[in-house]
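The listed protein sequences correspond, in order, to chains G and A. Residues 8 to 241 (my numbering) are what the first sequence spells out, left to right. Residues 8 to 241 (my numbering) are what the second sequence spells out, left to right. All C-beta atoms in this analysis are idealised placements derived from N, C-alpha and C, irrespective of residue type, glycine included. Report on the structure given below.
Number of protein chains: 2
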Amino acid sequence: MSTYANVRNMPAHPSRIAPSAEGEPRTGTLRADALHNRERILQAAREAFAARGLDVPMVAIARRAGVGVATLYRRFPSRESLVMEVFADQFAACGAVVDEALADPDPWRAFRTVVEKVCAMQVADRGFTEAFLTAFPGAIDYEGVRARAEQGLAEIVRRAKAAGSLRADFDLADLTLLLKANHGVTADTGDSAAAASRRLVAYLLQSFRAETAEPLPSAPPLGLQHVYALPPTR
Amino acid sequence: MSTYANVRNMPAHPSRIAPSAEGEPRTGTLRADALHNRERILQAAREAFAARGLDVPMVAIARRAGVGVATLYRRFPSRESLVMEVFADQFAACGAVVDEALADPDPWRAFRTVVEKVCAMQVADRGFTEAFLTAFPGAIDYEGVRARAEQGLAEIVRRAKAAGSLRADFDLADLTLLLKANHGVTADTGDSAAAASRRLVAYLLQSFRAETAEPLPSAPPLGLQHVYALPPTR
DNA sequence: GCGTAAGTGGACATTCCCTTCCGGTTAGCG
DNA sequence: CGCTAACCGGAAGGGAATGTCCACTTACGC
Chain G
8 MSTYANVRNM PAHPSRIAPS AEGEPRTGTL RADALHNRER ILQAAREAFA
58 ARGLDVPMVA IARRAGVGVA TLYRRFPSRE SLVMEVFADQ FAACGAVVDE
108 ALADPDPWRA FRTVVEKVCA MQVADRGFTE AFLTAFPGAI DYEGVRARAE
158 QGLAEIVRRA KAAGSLRADF DLADLTLLLK ANHGVTADTG DSAAAASRRL
208 VAYLLQSFRA ETAEPLPSAP PLGLQHVYAL PPTR
Chain A
8 MSTYANVRNM PAHPSRIAPS AEGEPRTGTL RADALHNRER ILQAAREAFA
58 ARGLDVPMVA IARRAGVGVA TLYRRFPSRE SLVMEVFADQ FAACGAVVDE
108 ALADPDPWRA FRTVVEKVCA MQVADRGFTE AFLTAFPGAI DYEGVRARAE
158 QGLAEIVRRA KAAGSLRADF DLADLTLLLK ANHGVTADTG DSAAAASRRL
208 VAYLLQSFRA ETAEPLPSAP PLGLQHVYAL PPTR
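This is the structure we're talking about:
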């Protein structure tokens, strides 16, 4: 991943990202062909991100979508806006996974399921991994989503600890740890990524059980927002 | 990390890499100032790799060393040759760690020590991580070193299993898994990298103990040579 | 000393990517 | 049907990194 220094905040352009304006946002104001192209771009971006990560050249996405570069930039002024739009669904899916787990009466199963599912999502879509990990600072709603997810996860962890199935010295930062580890295991691993991830997750879940609670070195100061971004100092 | 497609095999240039030629290799044929600059370049490269990974621009290294780009390229025709030279020591240290562990009469302690030390090395030097992980295909002696290390590790694993302290279904590929996970936890984690790595390693070592042997999903087909390079197909 | 081969550094050509601009095209309202 | 604002794609400007070339400088053997 590179720099992304240029987060010039574009003034509300016509997309679903625009915060709640009047009723149906002005998506409808797009001409039919433009709307069509917009969908093609999103589809192409989804595929490109999944296959090659977030770093694919914009031209590659445009070519794949069968449109000119200008069209791409007109619709999504920054790479960030494109990423956000592409992964909005998957971010939502993440939230759904957490919510679903919150509804599970079995605390450990809830915990295990969340971990397994999110890691599986990381594997399924390489671009999503990075999108998930990269805390775009300017992203409008992203922080809110993350915060809610973190809150839900904290609750799941709390319950699992209370039930005595999750070790007491488990730290929320350990989830970040797990995501980063899973990312490392997944990145540049091609076909074996799924198997590798499954095995890593299985290993770690065993360590997270309360029974095997040998003392641990202290947890690093990492929040979910640090999964990819840089931590405290430096 | 990028491509490194250009592995034009340079004809033995005057450096320690040159295979055993006559007695003292022709390092001595370098003029005094050239030798001096060579050292400065290596030092600068060491620092740059450690701080920013293997991707630092060659010009940055040259500037840091206070020499021109041409000098850098003259001394090290490819980025690979520079990397190999810079990390030759650390590769050797890795081998030493394995050998040392092989001498340890306590099989589990040997296993644990190897894991902990190598992971600590990964943390200490970010460039080394990548260097270690990136299997430069053309590297002269690297394959030999790796093969020997892998052999030593296999022996350590065998002993630990025989002693009943390492779980029977542990696979050599799990070491690769661990290194990749450690890399993921370490990358872009700045100051907390050490703490994060320690904690991850502690977690995984617990899972590796024989006592906690719940069944695992099958091991991915990863050898040490795949830690960073791509696996079987694709 | 001094001549020369070895060594040096910066400018340069090349490649790749991002982003903007502009002349031509088209959807869709009246 | 016809006009116009919205839309389109490619060309072109700008920046960063790689690796090469060449005119100048310097170590060091004699």
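Interface positions of the stretch 150–179 of chain G facing chain A (Cβ-Cβ less than 8 Å), listed along the chain: Of all residues in the stretch 150–179 of chain G, none has a Cβ within less than 8 Å of some Cβ in chain A.
Residue 130 of chain G beta carbon less than 7 Å from that of residue 52 of chain G: For the purposes of this step, residue 52 of chain G is taken as residue 45 along the first sequence, with counting starting at 1. For the purposes of this step, residue 130 of chain G is taken as residue 123 along the first sequence, with counting starting at 1. Contact check for residue 52 of chain G against residue 130 of chain G fails: the beta carbons are separated by 7 Å or more.
Contacts that residue 225 of chain G makes with chain A (C-beta to C-beta distance below 8 Å): Sequence index remark: in the first sequence, residue 225 of chain G carries index 218 (1-based). For a Cβ distance threshold of 8 Å, residue set 202, 206 of chain A lies close to residue 225 of chain G, ordered along the chain.
Residues bridged to residue 173 of chain A (per DSSP): Along the second sequence, read from residue 1 onward, the residue named residue 173 of chain A stands at position 166. DSSP lists A:216 as partners of residue 173 of chain A.
Stretch pair the stretch 75–95 of chain G + the stretch 161–179 of chain G: three plus CB contacts closer than 8 Å: In the pairwise beta carbon analysis, the stretch 75–95 of chain G is classified as not touching the stretch 161–179 of chain G: fewer than three pairs are separated by under 8 Å.
Burial state of residue 132 of chain G, where buried means 16 or more other Cβ atoms lie within 10 Å: Here the question's residue 132 of chain G lines up with position 125 in the first sequence. Classification of residue 132 of chain G: buried, given that the 10 Å Cβ count is 16 or more.
For residue 114 of chain A, the three-state DSSP class (helix, strand or coil): Numbered from its first residue, the second sequence carries residue 114 of chain A at position 107. When secondary structure is reduced to three states using DSSP, residue 114 of chain A falls in the helix class.
Where residue 95 of chain G sits in the DSSP three-state scheme: One-based indexing of the first sequence puts residue 95 of chain G at position 88. Three-state result, residue 95 of chain G: helix.
Interface partners of residue 104 of chain G on chain A, CB under 7 Å: In the first sequence, residue 104 of chain G corresponds to position 97, counting from 1. Residues of chain A passing the Cβ test: none, with the nearest at roughly 20 Å.
CA-to-CA distance, residue 48 of chain A to residue 71 of chain A, given in whole angstroms: As a working mapping, residue 71 of chain A is identified with position 64 in the second sequence. As a working mapping, residue 48 of chain A is identified with position 41 in the second sequence. Each residue's Cα considered, the two are about 8 Å apart.
Contacts of residue 137 of chain A in chain G (Cβ-Cβ under 8 Å): Stepping through the second sequence from its first residue, residue 137 of chain A is reached at position 130. Per Cβ cutoff of 8 Å: no residues; residue 137 of chain A is ~11 Å from chain G at best.
Contact residues within the stretch 183–195 of chain A, judged by C-beta distance below 9 Å to chain G: Residues of the stretch 183–195 of chain A whose Cβ lies closer than 9 Å to any Cβ of chain G, in chain order: 183, 184, 185, 186, 187, 188, 189, 190, 191, 192, 193, 194, 195.
Buried versus exposed, by CB contacts within 10 Å (16 or more), residue 194 of chain A: By 1-based counting over the second sequence, the position of residue 194 of chain A is 187. Under a 10 Å Cβ-count criterion, residue 194 of chain A is classified as buried, with 16 or more other Cβ atoms of the shown protein chains found around its own Cβ.
Nearest-angstrom beta carbon gap, residue 104 of chain G and residue 121 of chain G [assumed within contact, 8 Å]: Numbered from 1 along the first sequence, position 114 holds the residue referred to as residue 121 of chain G. Numbered from 1 along the first sequence, position 97 holds the residue referred to as residue 104 of chain G. Contact check for residue 121 of chain G and residue 104 of chain G: beta-carbon distance about 6 Å, within the 8 Å limit, so the pair qualifies.
Contact set for residue 224 of chain G: own chain, Cβ-Cβ below 7 Å, skip 5 residues either direction: Locating residue 224 of chain G in the first sequence gives position 217, where the first residue counts as 1. For residue 224 of chain G, same chain residues with a beta-carbon under 7 Å away, outside a window of 5 residues either side, do not exist.
Residue 95 of chain G at chain A interface by Cβ criterion, 7 Å: Counted from its first residue, the first sequence places residue 95 of chain G at position 88. Cβ-Cβ to chain A under 7 Å: no for residue 95 of chain G.
Cβ neighbour criterion (16 or more within 10 Å) applied to residue 64 of chain G: Position 57 of the first sequence, counted from the start, is the residue given in the question as residue 64 of chain G. Exposed: under 16 other Cβ atoms inside 10 Å.
Chain-ordered neighbours of residue 61 of chain A on chain G, where CB pairs are closer than 7 Å: In the second sequence, counting from the first residue as 1, residue 61 of chain A sits at position 54. Neighbours of residue 61 of chain A on chain G: none; closest Cβ ~14 Å, over 7 Å.
Under 9 Å from the C-beta of residue 209 of chain G: neighbouring residues of chain A: One-based indexing of the first sequence puts residue 209 of chain G at position 202. Those within 9 Å of residue 209 of chain G in chain A are 214, 221, 222, 223, 224.
Buried or exposed (CB count within 10 angstroms, at least 16 for buried), residue 74 of chain G: Residue mapping note: residue 74 of chain G aligns to position 67 of the first sequence, counting from 1. Buried, by the Cβ-count rule.
Integer-rounded CB distance, given that residue 37 of chain G should sit under 8 Å from residue 134 of chain G: As a working mapping, residue 134 of chain G is identified with position 127 in the first sequence. As a working mapping, residue 37 of chain G is identified with position 30 in the first sequence. Residue 134 of chain G to residue 37 of chain G, Cβ: 25 Å. No contact.
Which listed residue (A:42, A:125, A:112) has its alpha carbon closest to that of residue 99 of chain A: Your numbering for residue 99 of chain A matches position 92 in the second sequence. Ranking the options by Cα distance to residue 99 of chain A, first place goes to A:125.
Alpha carbon of residue 115 of chain A to alpha carbon of residue 214 of chain G, nearest angstrom: In the second sequence, the residue the question calls residue 115 of chain A occupies position 108. In the first sequence, the residue the question calls residue 214 of chain G occupies position 207. Spanning the two alpha carbons is a distance of roughly 18 Å.
Length of the line joining the Cα atoms of residue 43 of chain A and residue 153 of chain A: Numbered from 1 along the second sequence, position 36 holds the residue referred to as residue 43 of chain A. Numbered from 1 along the second sequence, position 146 holds the residue referred to as residue 153 of chain A. Straight across, the Cα-Cα distance linking residue 43 of chain A with residue 153 of chain A is about 31 Å.
For residue 136 of chain A, the three-state DSSP class (helix, strand or coil): In the second sequence, counting from the first residue as 1, residue 136 of chain A sits at position 129. Here residue 136 of chain A sits in helix by DSSP.
Short Cβ contact (7 Å threshold) for residue 68 of chain A with residue 57 of chain A: Walking along the second sequence from the start, residue 68 of chain A turns up at place 61. Walking along the second sequence from the start, residue 57 of chain A turns up at place 50. No, the Cβ-Cβ distance between residue 68 of chain A and residue 57 of chain A is not below 7 Å.
Through-space distance from residue 174 of chain A to residue 111 of chain A, alpha-carbon basis: Mapped onto the second sequence, residue 111 of chain A falls at position 104. Mapped onto the second sequence, residue 174 of chain A falls at position 167. Whole-angstrom Cα-Cα distance: 19 Å.
Residue 208 of chain A to residue 128 of chain G span [Cα, whole Å]: Here the question's residue 208 of chain A lines up with position 201 in the second sequence. Here the question's residue 128 of chain G lines up with position 121 in the first sequence. Spanning the two alpha carbons is a distance of roughly 24 Å.
Closest Cα partner of residue 2 of chain A within the set G:183, G:192, G:202, G:198: In the structure as shown, chain A begins at 8 and stops at 241. Residue 2 of chain A is therefore absent and cannot be evaluated.
CB contact flag (residue 191 of chain A, residue 191 of chain G, <7 Å): By one-based count along the second sequence, residue 191 of chain A stands at place 184. By one-based count along the first sequence, residue 191 of chain G stands at place 184. Yes, they are a contact pair.
Where the alpha helix (DSSP H) through residue 183 of chain A begins and ends: Reading the second sequence from its first residue, position 176 is the one you call residue 183 of chain A. In the DSSP assignment, residue 183 of chain A falls within the unbroken alpha helix (DSSP H) covering 179–193.
Residue range of the unbroken alpha helix (DSSP H) whose run includes residue 49 of chain G: Reading the first sequence from its first residue, position 42 is the one you call residue 49 of chain G. For residue 49 of chain G, the enclosing alpha helix (DSSP H) covers residues 39–59.
Own chain residues within Cβ distance below 7 Å of residue 93 of chain A, not counting five before or after: As a first step, residue 93 of chain A must be located in the second sequence, where it is residue number 86. Result list for residue 93 of chain A: 49, 52, 53, 56, in chain order.
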